[in-house]
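There are 2 protein chains.
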Amino acid sequence: MKKKITIKTIAKELGVSTSTVSKALKDSHEISTETKEKIQAYANHYNYKPNHLALQLRNQKTKVIGVILPKIVHHFFSTVITGIEEGANEKGYHIMVCFSNESYKKEVETLKVLSNGSVDGLIVSIAKETLENKNFKHIKDLVTEEIPLVLFDRVVDEILCDKVVVDDVGAGYKATKHLLENGRKKIALITTPNHVNVGALRRQGYEKALIENYIKTDKSLIVEIDEKQDIKKQIEKVFEQDIDGVFAVNEIYAANSMRIAKERGFNVPEDMSIIGFTDGLISEYSSPSITTIAQHGFTMGKQAVELLIERIKKESEVYSPKKIVISSDLKLRESTKPSS
Amino acid sequence: MKKKITIKTIAKELGVSTSTVSKALKDSHEISTETKEKIQAYANHYNYKPNHLALQLRNQKTKVIGVILPKIVHHFFSTVITGIEEGANEKGYHIMVCFSNESYKKEVETLKVLSNGSVDGLIVSIAKETLENKNFKHIKDLVTEEIPLVLFDRVVDEILCDKVVVDDVGAGYKATKHLLENGRKKIALITTPNHVNVGALRRQGYEKALIENYIKTDKSLIVEIDEKQDIKKQIEKVFEQDIDGVFAVNEIYAANSMRIAKERGFNVPEDMSIIGFTDGLISEYSSPSITTIAQHGFTMGKQAVELLIERIKKESEVYSPKKIVISSDLKLRESTKPSS
DNA sequence: TTTCAACACGAAACCGTTTTCGTAGGTTTT
DNA sequence: AAAACCTACGAAAACGGTTTCGTGTTGAAA
C-alpha cells in the first residue's frame, strides 16, 4: 500500500504544527482564514483522509459491530444480516461478520478476538453445539465485562442481556392450528433436538394446539432430526405411520417432507398438508409451493442492531435487559388446504 | 463498557515499567523468571487482553479484510462469503462485510469508508448499477492508492487488479451442449441484460455451442430479464414459442421457468429440458430437481482471499495482476434427459 | 584491583489524531 | 503608558502498546 498522507506530513510541508492542521481541517475559528485555506487546499490536493485507527484509539470506539452467526448459507440468517447491516449503516456503524459454523470452539475463539476492542458491541446467535453442551461462560463473560451484547433467535434465558426473538411458541401454535383447521388429525412434527431452544419452543406451540383440540400428542409422530445423519431417512420413518399433515420447523425439513410425500404417492395438498418455517426461496419455488411461518428476519436484524446501538450510547446507565419478541405470520401457499 | 485493564495499570500496580510488562507478557528472556511470573499471574487474574486498536495503529495493519457484495440473500454470494471467511480465518484475518445492494452510490460510499485504513485489503463483486453505468473511477482509485484488491465474479477487464472468476463462457457452452446432446433443438436462453458481464459471457458460450451444431441463434429465444419488472411474465413470453429446452443463467430464472413449463402442461424432463446455474437449494429441492452448473462459490471465496493475502504480504514488490479462473461443473439432476 | 560482560530493567520514541492549555504579539481600553 | 484583551498559533499529553537503546548492578576474568 502506498504510504498515506498524514497530518504530520502536511504540518511539516507547510511549516505549521500538527494542531494547526488538525484544527484547520475542521474549520476551527482559532485558525486564520488564510492558513485554513492553504491547509485545506493542500489536504484536498493530496487526497488526505484521516486515519481511522488513530481516531478509534483516541475515541475509544470503533463504530463497528461484531456479528456472530452459526452459518450464512441459510435464508433466515442471511436475511437477518441484511437487516443488521442496514440498521447499522443508518447509524454510521459497520459490521464485522464471523461464523461459528455451529461449533462451540470456534464461537469461543471468535468471541475472544472480537471482544478485544475491535468492536463496540456484539450481536450473536448461539451455535447448536453450545446450546447442546450448555456451556455459556464465554458469553456471560461478555456481560461481566459490560460489552454491549444482543442475542437473537437462538437465545438462552440465563444470560442477562438484550434479546430479540421470534414468538416461537405462538408460531408453532399458529402452524399447527392451521393444519387442524384444514381438518388434519395426524400431524407429524419434524423438529430439532430439544436443546435447540427454537425447536423446543415451536414444539410447545404444536402441543398446545393439539391439546386445545383434545388430541393427545403422539410421540411417535415427532421426529427430532440429528443433522449429522441423513435427514431424509429420518423423516421417512414417520411416513410409515398413518399421517395426513406435516409441520416442519424449517425449510429444509419441509422440502424434504414434500419430496417424500410425493414419492410415496401423496397428493399435496389434497391428501396431505405440509407447513414449513422460514419464508425462503425453497418454500417459494417448491412445487407445490410451501405454506410457511414467515419469521421477518430483516426486522429482527434491524431491531437487534437498534437495541444494541441504544445500549452502546448510554453505556454508563444502569439498565435492565430488554427482550423484543417479533411476531410471525402465516404465509399461505399451495401446500396446505382443507382436506377433501 | 467496563474500563479495560491495560499494560499501564499493571505496571503501576506492580511498580514496574510498561516496557517490563510488555516484555514479560511475551515471555522475553530479558525479564527475570520471578518478575515474569508475577506479571503474568496478575495479567491472568485480571483477564488482561491487549488492545487491538493500539496494535493496529502501531503495526499499521488491521488484519481485517473488507468484503463488498451486491447482496447476501443469494446462494452463490453467501457461499462465497463462507469461503472468504474460512480462508481469512486460517491466516489470522477477519472480514468486514458490506453490501452495495446493487447500488452504485452505496458502493462508492462503502469503498470510501473502508479504504481509510480500516482494512488491509478488499474483495469486491461489482454492483449491477455500476456495471450498467460503467463508472469505475471509485474502484480504479483503490488501485492507484495501491490498496490490495481482488475482484470476483462480477469483474471488469479495464481495472488492473487480481481477479477470480468462473469460466462463464465454458459453463454456458457446457450447459447448452448438454441440452443439445439431449436432442433439444429450440433452446431458450433466460439471461441478464448484457452489461452484467457474467450474463454476457454465458450467452457467448450458449451461442458457441449452437454454432458448433449448425444452429442459428434465434434472438426471439433469448430473454434479457429486467429485474425491476415481473420476472415470471418476462419468461412466459418465450414459452409462447415452440421451445423444447431452457438454459437459465441463475437459479431464480430456472425455477421460474420450471414453474411456467409445468403450468403450461409440459412434462419436465420428458418433453422439455431445463438447466440452471448456481447449485443452490432451490435447484436441489425443486421438483423435478434442476440440473445446474455448479459454480464452486466456496472455492472462489477461498481463492480470492488467498490471492489477496498474498498481495498484502508482499505489498512492496512490483506485481502483475493475476486472474484465476475457476472451472464449473455440470450437476446432473432430474430436469434434463434425452428427449423421447 | 581493574575491566568487562551478562543480567534485569527503565526511558523514550513511535503509530496518527485530538484537545487543552499556554503564549507571543498586536490592538484596544482606561 | 499601563492594563486588559484578542488573535493565531504551538507544545504537550493522551489513547495502548512495542521496541530500541541505554544504564545500574552483579559476578567473573585478567
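Protein chains in written order, with the working numbering: chain A, 279 to 618; chain B, 279 to 618. Built from N, CA and C at the ideal position, the CB exists for glycine as well. Quick caveat, the model's predicted, so the values are computed rather than measured.
Distance, PHE354 of chain B Cα to PRO471 of chain A Cα = Reading the first sequence from its first residue, position 193 is the one you call residue 471 of chain A. Reading the second sequence from its first residue, position 76 is the one you call residue 354 of chain B. The straight-line gap from Cα to Cα measures roughly 29 angstroms.
task = Please determine, among A:GLY575, A:LEU331, A:LYS339 and A:THR570, the residue with the shortest C-alpha to C-alpha distance to MET279 of chain B.
result = Position 1 of the second sequence holds residue 279 of chain B. Answer by Cα proximity: A:LYS339.
query = Between A:ASP446, A:GLU423, A:ASP419 and A:LEU420, which lies nearest to ASP431 of chain A when the distance is taken from Cα to Cα?
reply = Residue numbering aside, residue 431 of chain A sits at position 153 when the first sequence is read from its first letter. Here the closest residue by C-alpha is A:ASP446.
key: Cβ of CYS439 of chain A within 8 angstroms of any chain B Cβ   = Taking the first sequence and counting its residues from 1, the one referred to as residue 439 of chain A is at position 161. Judged by the 8 angstroms Cβ criterion, CYS439 of chain A is not in contact with chain B.
message = Quick check: what's the CA-CA separation for VAL546 of chain B versus GLU380 of chain B?
response = Counting from 1 along the second sequence, the entry for residue 546 of chain B is found at position 268. Counting from 1 along the second sequence, the entry for residue 380 of chain B is found at position 102. Approximately 34 angstroms, taken between the alpha carbons.
Pairwise C-alpha distance: THR360 of chain B and PHE377 of chain B = Here residue 377 of chain B is taken as the residue at index 99 of the second sequence, counted from 1. Here residue 360 of chain B is taken as the residue at index 82 of the second sequence, counted from 1. Their backbone Cα atoms lie some 15 angstroms apart in a straight line.
inquiry  = For chain B, check one thing: does any of its Cβ atoms lie closer than 8 angstroms to the Cβ of SER356 of chain A?
reply    = Locating residue 356 of chain A in the first sequence gives position 78, counting from the first residue. So yes, SER356 of chain A belongs to the interface.
Opposing strand residues paired with SER551 of chain A [DSSP bridges] = If you number the first sequence from 1, residue 551 of chain A lands on position 273. SER551 of chain A pairs with A:GLY523.
ask   = For a contact meaning CB atoms closer than 7 angstroms, what does SER381 of chain A contact in chain B?
value = Numbered from 1 along the first sequence, position 103 holds the residue referred to as residue 381 of chain A. Under the 7 angstroms cutoff, chain B gives no residues; its nearest Cβ is about 12 angstroms from SER381 of chain A.
query = Around the Cβ of ASN528 of chain B, are there at least 16 other Cβ atoms within 10 angstroms (buried) or fewer (exposed)?
reply = Indexing the second sequence from 1 puts residue 528 of chain B at position 250. Looking at its Cβ environment, which holds 16 or more other Cβ atoms inside 10 Å, ASN528 of chain B is buried.
key: Which listed residue (A:ILE521, A:GLN507 and A:ASN475) has its alpha carbon closest to that of LYS497 of chain A   = On the first sequence, residue 497 of chain A is found 219 positions in, with the first residue counted as 1. Closest by alpha carbon: A:ILE521.
message = With a threshold of 8 angstroms between beta-carbons, can ILE604 of chain A be considered close to chain B, or not?
response = One-based indexing of the first sequence puts residue 604 of chain A at position 326. Closer than 8 angstroms: no.
query = Is there contact here, the segment 404-419 of chain B with the segment 472-491 of chain B, by at least three beta-carbon pairs under 8 angstroms?
reply = yes
query = Are the beta-carbon atoms belonging to PRO426 of chain A and ILE590 of chain A less than 8 angstroms from one another?
reply = Within the first sequence, residue 426 of chain A is the residue found at index 148, counting from 1. Within the first sequence, residue 590 of chain A is the residue found at index 312, counting from 1. In this structure, ILE590 of chain A lies closer than 8 angstroms to PRO426 of chain A by Cβ.
request  = Can you tell me which of A:PRO599, A:THR577, A:VAL434 and A:TYR531 puts its alpha carbon nearest to the alpha carbon of ASN411 of chain A?
outcome  = Within the first sequence, the letter at position 133 stands for residue 411 of chain A. Closest by alpha carbon: A:VAL434.
query = Between the beta-carbon of ILE468 of chain B and the beta-carbon of LEU457 of chain B, is there less than 8 angstroms?
reply = Residue numbering aside, residue 468 of chain B sits at position 190 when the second sequence is read from its first letter. Residue numbering aside, residue 457 of chain B sits at position 179 when the second sequence is read from its first letter. In this structure, LEU457 of chain B does not lie closer than 8 angstroms to ILE468 of chain B by Cβ.
query = At which residues does the alpha helix (DSSP H) containing ASP419 of chain A begin and terminate?
reply = Residue 419 of chain A sits at position 141 when you count from the first residue of the first sequence. 415-422 is the span of the alpha helix (DSSP H), which, as asked, contains ASP419 of chain A.
request  = Would you identify the three-state DSSP class for ASP557 of chain B, choosing helix, strand or coil?
outcome  = Against the second sequence, residue 557 of chain B aligns to sequence position 279. ASP557 of chain B: coil per DSSP, three-state reduction.
inquiry  = By DSSP's criteria, ALA289 of chain B is part of a beta bridge. Which residues make up the other side?
reply    = Position 11 of the second sequence, counted from the first residue, corresponds to residue 289 of chain B. Paired residues: none, contrary to the question.
query = Of all the options A:LEU499, A:ILE500 and A:LYS455, which has the alpha carbon lying nearest to the alpha carbon of LEU488 of chain A?
reply = Looking up residue 488 of chain A in the first sequence gives position 210. Nearest option by C-alpha distance: A:LYS455.
inquiry  = Residues of the segment 391-412 of chain A in Cβ contact with chain B at a cutoff of 9 angstroms, in chain order, please.
reply    = VAL391, LEU392, SER393, ASN394, GLY395, SER396, ASP398 and GLY399
request  = Establish whether the CB of ARG481 of chain B and some CB of chain A are separated by less than 8 angstroms.
outcome  = Working through the second sequence from its first residue, we reach residue 481 of chain B at position 203. Chain A, which has no Cβ nearer than 8 angstroms to the Cβ of ARG481 of chain B, makes this no.
ask   = Is the distance from the Cβ of ALA532 of chain A to the Cβ of SER561 of chain A below 8 angstroms?
value = Counting from 1 along the first sequence, the entry for residue 532 of chain A is found at position 254. Counting from 1 along the first sequence, the entry for residue 561 of chain A is found at position 283. Result yes, Cβ atoms of ALA532 of chain A and SER561 of chain A sit closer than 8 angstroms.
query = Is the segment 601-608 of chain A close to the segment 562-576 of chain B, with three or more CB pairs under 8 angstroms?
reply = no
task = Assign GLY370 of chain A to buried or exposed, taking buried as 16 or more other Cβ atoms, counted over all protein chains shown, within 10 Å of its Cβ.
result = The residue labelled residue 370 of chain A in the question sits at position 92 within the first sequence. Flag for GLY370 of chain A reads exposed.
ask   = Are SER565 of chain A and LYS609 of chain B closer than 8 angstroms when you measure CB to CB?
value = In the first sequence, residue 565 of chain A corresponds to position 287, counting from 1. In the second sequence, residue 609 of chain B corresponds to position 331, counting from 1. Contact: no.
request  = With distances taken Cα to Cα, identify the nearest neighbour of LYS441 of chain A among A:LEU292, A:LYS415, A:LYS600 and A:THR614.
outcome  = The residue given as residue 441 of chain A occupies position 163 in the first sequence. It is A:LYS600 whose Cα lies nearest to the Cα of LYS441 of chain A.
ask   = Helix, strand or coil: how does DSSP classify LYS511 of chain A here?
value = Taking the first residue of the first sequence as position 1, residue 511 of chain A is located at position 233. Correct three-state label for LYS511 of chain A: helix.
key: Per-residue burial, THR422 of chain A [other beta carbons within 10 Å of its own, 16 or more giving buried]   = The residue given as residue 422 of chain A occupies position 144 in the first sequence. Classification for THR422 of chain A: exposed.
ask   = Is DSSP giving VAL358 of chain A helix, strand or coil here?
value = Along the first sequence, read from residue 1 onward, the residue named residue 358 of chain A stands at position 80. Three-state DSSP puts VAL358 of chain A in a helix.
message = Closest to LEU585 of chain B by C-alpha separation, out of B:LYS384, B:ILE401, B:GLU612 and B:GLN318, would be which residue?
response = Counted from its first residue, the second sequence places residue 585 of chain B at position 307. Looking at the Cα atoms, B:ILE401 is the closest of the given residues.
request  = Could you tell me whether the Cβ of GLN507 of chain B comes closer than 8 angstroms to any Cβ of chain A?
outcome  = Taking the second sequence and counting its residues from 1, one reaches residue 507 of chain B at position 229. Taking Cβ atoms only, chain A never reaches closer than 8 angstroms to GLN507 of chain B, which makes this a no.
key: Assumed close pair ILE437 of chain B, LYS418 of chain B - CB separation to whole angstroms, cut-off 8 angstroms   = Within the second sequence, numbered from 1, the residue matching residue 437 of chain B stands at position 159. Within the second sequence, numbered from 1, the residue matching residue 418 of chain B stands at position 140. Sure, about 6 angstroms apart at Cβ, within 8 angstroms.
ask   = Buried or exposed: which applies to ASP305 of chain A, given that a residue is buried once 16 or more other Cβ atoms fall within 10 Å of its Cβ?
value = Residue numbering aside, residue 305 of chain A sits at position 27 when the first sequence is read from its first letter. Answer is exposed; the Cβ neighbour count stays below 16.
ask   = Given that GLN581 of chain B touches chain A, what residues does it touch there, using C-beta distances under 7 angstroms?
value = Numbered from its first residue, the second sequence carries residue 581 of chain B at position 303. Going along chain A, no residue has its Cβ under 7 angstroms from GLN581 of chain B, so there is no contact; the nearest lies around 18 angstroms.
request  = Evaluate ALA319 of chain A with the Cβ neighbour count: other Cβ atoms within 10 Å of its Cβ, from every protein chain shown; 16 or more gives buried, anything less gives exposed.
outcome  = By one-based count along the first sequence, residue 319 of chain A stands at place 41. So ALA319 of chain A ends up on the exposed side.
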